[in-house]
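Residue numbers (this note's numbering): 112 to 297.
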């Protein structure tokens with residue numbers, strides 16, 4: 112009797128072609144899903160970073176405006192006419208600007224509502240040549256001037272060219288008002 116192995120008793124080793132193909136397809140689907148998920152996470156991170164940059168820019172611009180308004184100058188500077196003037200869309204004044212060397216120098220500033228690509232924008236223009244956008248993309252805005260703070264305040268829409276400044280600026284943007292105090296007041 113010859114020893115011939117029975118084909119049915121032989122153990123199968125390895126995988127069939129169908130099993131290998133199914134494993135490759137499942138792996139491809141899992142990797143494609145993971146790549147899409149990671150892409151969405153990265154896009155979300157980019158949106159969060161952009162929103163944080165916008166919030167920082169807006170916050171820093173607001174601090175700059177309040178600082179410049181706090182340093183507003185109405186007393187005389189040799190060789191310069193110091194006046195404050197304001198209309199509903201623009202205010203002109205002289206203030207003290209920080210220079211790169213770290214000290215303050217007298218400069219002119221204009222706060223105005225300008226038309227930009229994405230709608231109206233509130234911007235600060237300095238005599239140093241800087242144009243600093245403060246707020247963007249609103250529909251309606253105006254600048255008001257506080258003449259008297261008694262009894263809830265008396266606001267006016269225009270401030271004639273004067274050696275006196277209003278007590279505060281009211282920046283009204285789409286119904287939301289920001290009050291910017293002028294000068295150092297007790």
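C-beta: ideal position from N, C-alpha, C; glycine also.
Since we're looking at a predicted model, the values are computed, not measured.
Where residue i falls: helix, strand or coil (DSSP)
| i | result |
| --- | --- |
| residue 198 | coil |
| residue 130 | helix |
| residue 293 | coil |
| residue 138 | helix |
| residue 233 | strand |
| residue 286 | coil |
| residue 281 | strand |
| residue 124 | coil |
| residue 205 | strand |
| residue 265 | strand |
Segment limits, beta strand (DSSP E) that includes residue i
| i | result |
| --- | --- |
| residue 244 | 242-249 |
| residue 259 | 252-259 |
| residue 217 | 215-227 |
| residue 272 | 270-273 |
Residue of the options minimising C-alpha distance to residue i
| i | options | result |
| --- | --- | --- |
| residue 227 | 242, 237, 238 | 242 |
| residue 211 | 239, 225, 200 | 239 |
| residue 258 | 232, 246, 273, 248 | 273 |
| residue 233 | 172, 269, 267 | 172 |
| residue 285 | 185, 135, 176, 247 | 247 |
| residue 219 | 196, 139, 278 | 196 |
| residue 244 | 222, 179, 153, 147 | 222 |
| residue 256 | 262, 249, 250, 266 | 266 |
| residue 185 | 276, 295, 261 | 276 |
| residue 194 | 270, 158, 291, 290 | 270 |
| residue 280 | 214, 141, 183 | 183 |
| residue 295 | 288, 283, 278 | 278 |
| residue 229 | 146, 261, 249, 168 | 249 |
| residue 201 | 139, 137, 268 | 268 |
Supposed close pair residue i, residue j - CB separation, criterion 8 Å
| i | j | result |
| --- | --- | --- |
| residue 252 | residue 224 | 5 Å |
| residue 291 | residue 176 | 6 Å |
| residue 206 | residue 179 | 5 Å |
| residue 198 | residue 208 | The pair is not a contact, with the Cβ atoms about 22 Å apart (cut-off 8 Å). |
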